[in-house]
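Since the structure comes first, as structure tokens, the remarks are kept for the end.
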Ligand SMILES: Cc1ncc(C[n+]2csc(CCOP(=O)(O)OP(=O)(O)O)c2C)c(N)n1
């Protein structure tokens, strides 16, 4: 008989309304578990918020607050200030979290302020590379050439004609003592990084690539596999920086899969294999992978 753990032992319970196989919910459950019971969460508006807090229920077994799309970082700073006043800031952790739309775009000003102040808060971005909750519009995290509802392939472009912002480098430029990336494909890596982050005082940032089943057009049993392939191709580097120095990096396999092996999983990149201009564009995406492998020494 296989052994099953009790799903209600987690700090993010089942019964939420996320899509089956959602990469974001898989990651979020392990993030909060790794933080532990003495955690207060502030959550941006987005799929993670909407699906876990349908009134009058909540899937969270820790104190959890949603205020606005743009302000989980500012609310977290306020909570930390209150904990300090009460002498509880060494006992209670403050976790702020949001999707890529909130993190890369709409909430970024307030995140930058929190990082500038160095508040002892862990900020986690669950990156679905689109505004999932409102129907897959492009965000600053959307990859080049991806179809989204605001970047349809057509005569002038093959999907998003902009490039994904490098949030890892932006966080590092703020001088954060702990910055790391991971994907839903690597649960143990996520847990280790969350625990590591809490060993280090100051502002910490973990950026997790979390496949979105309907937004990416993948099957509902593929979030883990696709999360792994994003790393293995070099498309999404999985690395860790401690005090600005590289702490660890997940190497790509010796026989590194080409980017098209990754792209073929997604309906959002399907047009690249049909359009005669696609091969050249796939070449641009391959170069992004190759540059990542070189830059972060992933071989
Ligand atoms: C200031 C503001 N702008 C826009 C919205 C509408 N809105 C709600 S959820 C959402 C998408 C969230 O996208 P993201 O942050 O990437 O999280 P995801 O749903 O992908 O997890 C948007 C645009 C809002 N609630 N507030």
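Residue numbers (the numbering used here): -13 to 285.
We put the CB at the ideal spot given by N, CA and C, even for glycine.
Quick caveat, the model's predicted, so the values are computed rather than measured.
Could you spell out where the alpha helix (DSSP H) holding residue 245 opens and where it closes?
Here residue 245 refers to the residue found at position 259 of the chain shown. Note, residue 245: alpha helix (DSSP H), 245 to 249.
Compute the Euclidean distance between the alpha carbons of residue 8 and residue 32, then round it to the nearest angstrom.
Here residue 8 refers to the residue found at position 22 of the chain shown. Here residue 32 refers to the residue found at position 46 of the chain shown. Rounded to whole angstroms, residue 8 to residue 32 spans 13 Å at the Cα level.
For the beta strand (DSSP E) that contains residue 84, what are its first and last residues?
As a working note, residue 84 is residue 98 in the chain shown. 79 to 85 is the span of the beta strand (DSSP E), which, as asked, contains residue 84.
Along the chain, where does the alpha helix (DSSP H) containing residue 60 start, and where does it finish?
Mapped onto the chain shown, residue 60 falls at position 74. Counting along the chain, the alpha helix (DSSP H) containing residue 60 begins and ends at 58 to 71.
Does ligand 1 have even one heavy atom less than 7 Å from the beta-carbon of residue 185?
Along the chain shown, read from residue 1 onward, the residue named residue 185 stands at position 199. Checking every heavy atom of ligand 1 against the Cβ of residue 185, none is found closer than 7 Å.
Can you give me the start and stop residues for the beta strand (DSSP E) that residue 231 sits inside?
Residue 231 sits at position 245 when you count from the first residue of the chain shown. First-last of the beta strand (DSSP E) with residue 231: 231 to 235.
Taking the C-alpha atoms as reference points, what is the distance between residue 18 and residue -2?
As a working mapping, residue 18 is identified with position 32 in the chain shown. As a working mapping, residue -2 is identified with position 12 in the chain shown. Going from the Cα of residue 18 to the Cα of residue -2 covers about 7 Å.
Could you spell out where the beta strand (DSSP E) holding residue 51 opens and where it closes?
As a working note, residue 51 is residue 65 in the chain shown. Start and end: 50 to 52.
Residues in its own chain within less than 7 Å of residue 196 by CB, not counting five upstream and five downstream?
Mapped onto the chain shown, residue 196 falls at position 210. 9, 10, 13, 112, 113, 114 and 170.
Assign residue 190 to buried or exposed, taking buried as 16 or more other Cβ atoms, counted over all protein chains shown, within 10 Å of its Cβ.
Here the question's residue 190 lines up with position 204 in the chain shown. Its Cβ being crowded by 16 or more others within 10 Å, residue 190 is buried.
Measure the beta-carbon distance from residue 93 to residue 149 and round it to whole angstroms, keeping in mind my assumption that it falls under 8 Å.
As a first step, residue 93 must be located in the chain shown, where it is residue number 107. As a first step, residue 149 must be located in the chain shown, where it is residue number 163. Not quite, the Cβ-Cβ distance comes to about 21 Å (not below 8 Å), so this is no contact.
Say the cut is 7 Å; is the CB of residue 8 nearer than that to a heavy atom of ligand 1?
Taking the first residue of the chain shown as 1, we reach residue 8 at position 22. No, since every heavy atom of ligand 1 falls outside the 7 Å radius drawn around the Cβ of residue 8.
Comparing alpha-carbon positions, which option in 165, 232, 282 and 49 lies nearest residue 22?
Within the chain shown, numbered from 1, the residue matching residue 22 stands at position 36. Of the candidates 165, 232, 282 and 49, the one whose C-alpha sits nearest the C-alpha of residue 22 is 49.
Below 8 Å between beta carbons: does that hold for residue 142 and residue 127?
One-based indexing of the chain shown puts residue 142 at position 156. One-based indexing of the chain shown puts residue 127 at position 141. No, Cβ-Cβ distance for residue 142 and residue 127 is not below 8 Å.
Does the count of Cβ pairs from the segment 201 to 220 and the segment 150 to 164 closer than 8 Å reach three?
These segments do not touch.
In terms of residues, what are the limits of the alpha helix (DSSP H) holding residue 2?
Residue mapping note: residue 2 aligns to position 16 of the chain shown, counting from 1. Looking at the DSSP string, residue 2 is not in any alpha helix (DSSP H), and its letter there is neither H nor E.
Taking the C-alpha atoms as reference points, what is the distance between residue 226 and residue 184?
Translated into positions along the chain shown, residue 226 becomes position 240. Translated into positions along the chain shown, residue 184 becomes position 198. So the two alpha carbons sit approximately 14 Å from each other.
With distances taken between CB atoms, is the gap from residue 217 to residue 236 smaller than 8 Å?
For this step, residue 217 is matched to residue 231 along the chain shown. For this step, residue 236 is matched to residue 250 along the chain shown. Cβ atoms of residue 217 and residue 236: closer than 8 Å.
Rounded to whole angstroms, what is the Cα-Cα separation between residue 297 and residue 125?
One cannot answer for residue 297 here, as it falls past the ends of the chain, which runs -13 to 285.
Please report the Cβ distance between residue 59 and residue 108, rounded to the nearest whole angstrom; I am assuming they are in contact, meaning their Cβ atoms lie under 8 Å.
Walking along the chain shown from the start, residue 59 turns up at place 73. Walking along the chain shown from the start, residue 108 turns up at place 122. Between residue 108 and residue 59 the Cβ distance is about 11 Å, and since that is not below 8 Å, they are no contact.
Mind checking if residue 13 is an interface residue toward chain C, Cβ cutoff 8 Å exclusive?
Considering every chain present, this structure includes no chain C. It has just one protein chain.
Can you list, in chain order, the residues of its chain with a C-beta nearer than 6 Å to that of residue -7? Leave out the 5 residues immediately preceding and following it.
Residue -7 sits at position 7 when you count from the first residue of the chain shown. Excluding residues within five positions, the ones whose Cβ falls inside 6 Å are 0.
Bridge partners of residue 195, per DSSP?
The residue you call residue 195 lines up with position 209 of the chain shown. Per DSSP, 113 and 169.
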